[in-house]
Amino acid sequence: MLGECLENVRKNVPLVHNITNYVTVNDVANVLLASGGSPIMSDEPEDVEDITSICGGLNINIGTLNQQTIKGMFTAGRKAAELGHPILLDPVGAGASKLRTETAVKLMDEIKFTVIRGNISEIKTLALGSGTTKGVDADVADAVSDETLDSAVRFVKEFAKKADTIVAITGAIDLVSDGDKCYVIRNGRPEMGRITGTGCQLSGLTTAFVVANPDNKLEAVAAAVCTMGLAGEIGWSRMQEGDGNSTYRNRIIDAIFNMDGETLNKGAKYEIR
Amino acid sequence: MLGECLENVRKNVPLVHNITNYVTVNDVANVLLASGGSPIMSDEPEDVEDITSICGGLNINIGTLNQQTIKGMFTAGRKAAELGHPILLDPVGAGASKLRTETAVKLMDEIKFTVIRGNISEIKTLALGSGTTKGVDADVADAVSDETLDSAVRFVKEFAKKADTIVAITGAIDLVSDGDKCYVIRNGRPEMGRITGTGCQLSGLTTAFVVANPDNKLEAVAAAVCTMGLAGEIGWSRMQEGDGNSTYRNRIIDAIFNMDGETLNKGAKYEIR
Amino acid sequence: MLGECLENVRKNVPLVHNITNYVTVNDVANVLLASGGSPIMSDEPEDVEDITSICGGLNINIGTLNQQTIKGMFTAGRKAAELGHPILLDPVGAGASKLRTETAVKLMDEIKFTVIRGNISEIKTLALGSGTTKGVDADVADAVSDETLDSAVRFVKEFAKKADTIVAITGAIDLVSDGDKCYVIRNGRPEMGRITGTGCQLSGLTTAFVVANPDNKLEAVAAAVCTMGLAGEIGWSRMQEGDGNSTYRNRIIDAIFNMDGETLNKGAKYEIR
């Protein structure tokens, strides 16, 4: 059950090394702490091998990549792979610039990722070498909806199989697949898109879930996605008149802080295809 | 009317490229989302041309400049200018260090800015090559008050005309001029100075407003300044016993999230000189 | 009395130069503003001398160090020392990587620090050249508790004397010593460890307290530590059902914003050994 995956994070306190963007990094750290995990940030190439060695997993997010941090990503990724740590790639803005697309593709070539998490546009870029990324949000035309669900499920399964990794595509409907099974998840609120970094937060969270559930990785990713979405629902239910996206950000992280396995089991809305 | 400028942001969802400091960048992103805009951050010289090309405007803030991001500012600025995008300069700390002053001055020399927004000390540095910046806050002796208003209005008009740009000087009284007209704005609360980055947030917001109101740029800047100040007033009115500057930060962004054109029209306090 | 140290921060509005990590930098800025101080951030080697010259003190935090910011730390540190400014070192993650340990040790060799603040593991690394840092949190086996208090007090006094600096070790029980006296402080809440950056915030705050109390530095450091811990207690008392670590973060900073000297005097829990 998904709830057990969350409980395992709280029990095991996974230490996660994050090379992530400076826009949402504080929220990533607080979400990791809310879930029961523990964050470390380090992107300097000379520092990352030591840091990743004391961690249980690595979260690579290219949201504000630069030439130095790109070196750090490759160095940390190779070391984490050597140590058998779970590694997640969040290809923020792949498709929006040549550097982002190339960096994400090269990272995939050189490093065996455990999970790749992005919006449909970013994942399409990685899968097809195309896609029309509008900044860091999924292009609306490419959104996963009930109308496009069948083809989207086919797509994510194929890409996961081809890339030999777990792929999580998040949006109005979230898809999580290892190439064989596909979780179709309907938690979350549209207003989460009005907060910066809910995707980045989910990537940090997902890394912690996978580290804490080594024998159950696909379910762990699905549990992390449901946790974030359910927290968005719980957080929204606590909004009061006059509250907006800044307070909503706090309430989502608070909801993760307070969530237990039973709540997740009851609130998770998914089917497996 | 100013309210229409805000409604246009919500309708047009302007995508804004921000090269901004890592201190307040998260709030800048959330303020842009609160207003109905959409933020992207990228400062790597090899990345910025592609990113700025898919955006509608560029916000350059030198708050934590370094040699690499300075290169990014020039590269992005030239590209945005070539594409005819609105470009804003926030010369954080101009006057406080040689590097900041020189960078701001060189940026003005090479790039045609649509708007320059800063406190009186920073703007004086750019205008006169002098000023006594105390960190990133306006020197009190140079504050715009009722006593100094006439000369300050004269100053901002002259500088706007000379620099051929819209200039926004923000403080207890805000001035927005294109060299011809000058908005004298009295929204806001003194407690906003106890939050880091309300100026940086306003710069992001102003860029979005100008992108969404291409035929009405002066009014758009004034509308952004009134929106931020009015949000400061609304946010303060929601403060409860025991709340302080951290909660106030959230309430201001929340107030922008919830503001509509009518509220802005009713709450904006300004005269045109 | 400790309360006077806080009142002096509010009166003197110390300007603090921070070279700190990008994870918690926004909270460091808002905590400084909450206390009555004023923050500036700058890490570019060409910028830091000018910036530190207009400030009253320097806060060096190696949490996300890189080769460029390390240069900035040394350059700023030498300049601040030359000007006689108080300088604080927060050796985040010393012991967790070679680069962090070496950087912290070299900084101590070259720059005379007024205060060094870290967890027991980091301080032990600096003192003994050993320790088992688990990321940025103190190793549990090395925690300062009632059982280990005598030896810990001995240790902090010896290290402070040897390093000729004030040393603050923070954890469940906080120790502040100049080598002669040792404050044993029992403010705070264990839940503060579930927020990222309460240590970083305390380092910024401590720098402001020392700048504002030049003739009373040991007491100033103890006052800053008590302020942070007491704010954690007050913030926790304001938590409502459903609140979590993100809201708690805001409430702690809010509590500092609202704290006066009398509240600190009444709430501070310490003995001097």
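Residue numbers (this note's numbering), protein chains in the order written: chain A, 1 to 273; chain B, 274 to 546; chain C, 547 to 819.
For every residue, glycine included, the Cβ atom is placed at its ideal position computed from N, Cα and C.
Could you confirm whether any beta carbon from chain B is found closer than 8 Å to the beta carbon of G244/A? yes
Applying the criterion that 16 or more other CB atoms from any shown protein chain within 10 Å of the CB defines a buried residue, is T75/A buried or exposed? buried
Suppose you measure from the CA of I345/B to the CA of E280/B; what does that come to, to the nearest Å? The sequence given here has Gly at residue 345/B, not Ile. Cα to Cα, G345/B sits roughly 32 Å from E280/B.
N285/B to A307/B span [Cα, whole Å]: 14 Å
Given that P14/A touches chain C, what residues does it touch there, using C-beta distances under 8 Å? Neighbours of P14/A on chain C: none; closest Cβ ~11 Å, over 8 Å.
Between which residues of its own chain and S418/B is the CB-CB distance below 8 Å, once the five residues before and five after are set aside? A445 and I446
Neighbouring residues, chain B, relative to Y843/C (Cβ below 8 Å): Residue 843/C cannot be examined here, being either before or after the span of chain C that is shown, 547 to 819.
Here's the rule: buried if 16 or more other CB atoms are within 10 angstroms of the residue's CB, otherwise exposed. What is I565/C? buried
Rounded C-alpha distance that separates F113/A from L89/A: 7 Å
Contact list for N250/A against chain C, beta-carbon separation under 7 Å: S792, T793 and N796
Any idea if K379/B is buried or exposed, counting beta-carbon neighbours within 10 angstroms, 16 or more meaning buried? exposed
Classify E595/C as buried or exposed, calling it buried when 16 or more other Cβ atoms lie within 10 Å of its own Cβ. buried
Contact under 8 Å by Cβ, A640/C with T671/C: yes
Please list the partners that E319/B has in chain A, where partner means a Cβ-to-Cβ separation under 9 Å. N66, Q67, S97, K98 and L99
Where S42/A falls: helix, strand or coil (DSSP): coil
Tell me which residues of the segment 740-762 of chain C have at least one Cβ-Cβ distance to chain A shorter than 9 Å, keeping chain order. R740, I741, T742 and G743
To the nearest angstrom, how far is it from the Cα of A163/A to the Cα of G477/B? 39 Å
Answer yes or no: do L2/A and V16/A have a C-beta to C-beta separation smaller than 8 Å? no
Per DSSP, cross-strand counterpart(s) of V301/B: DSSP output for V301/B lists no bridge partner at all.
If you draw a straight line from the alpha carbon of A814/C to that of T773/C, how long is it in whole angstroms? 8 Å
Check the Cβ of N26/A against every Cβ in chain B and list those closer than 9 Å, keeping chain order. N299
Endpoints, beta strand (DSSP E) assigned at E147/A: That residue, E147/A, is in no beta strand (DSSP E); it is neither H nor E in DSSP.
Are any of the Cβ atoms in chain B nearer than 8 Å to that of N576/C? yes
Between A758/C and T598/C, what straight-line distance do the alpha-carbon atoms span, to the nearest angstrom? 16 Å
Could you confirm whether any beta carbon from chain A is found closer than 8 Å to the beta carbon of S315/B? yes
Alpha carbon to alpha carbon, how far is R351/B from P14/A? Give it in angstroms, no decimals. 45 Å
Bridge-paired residues (DSSP) for G717/C: G717/C pairs with nothing; no bridge assigned.
Three-state class that DSSP yields for L88/A in the structure shown: strand
How far does the beta strand (DSSP E) with C328/B in it reach, from first residue to last? No beta strand (DSSP E) contains C328/B, which DSSP labels as neither H nor E.
Contacts of L306/B in chain A (Cβ-Cβ under 9 Å): G193, R194, I195, T196 and N245
In the DSSP assignment, what residue or residues form a beta bridge with L561/C? S584/C
Compute the Euclidean distance between the alpha carbons of G778/C and A255/A, then round it to the nearest angstrom. 20 Å
How would you call I818/C, buried or exposed, if buried means at least 16 neighbouring beta carbons within 10 angstroms? exposed
Minimum Cβ-Cβ distance from F620/C to chain B less than 8 Å: no
Sheet register partners of E82/A (DSSP bridge): Note: E82/A sits in no beta bridge, so no partner.
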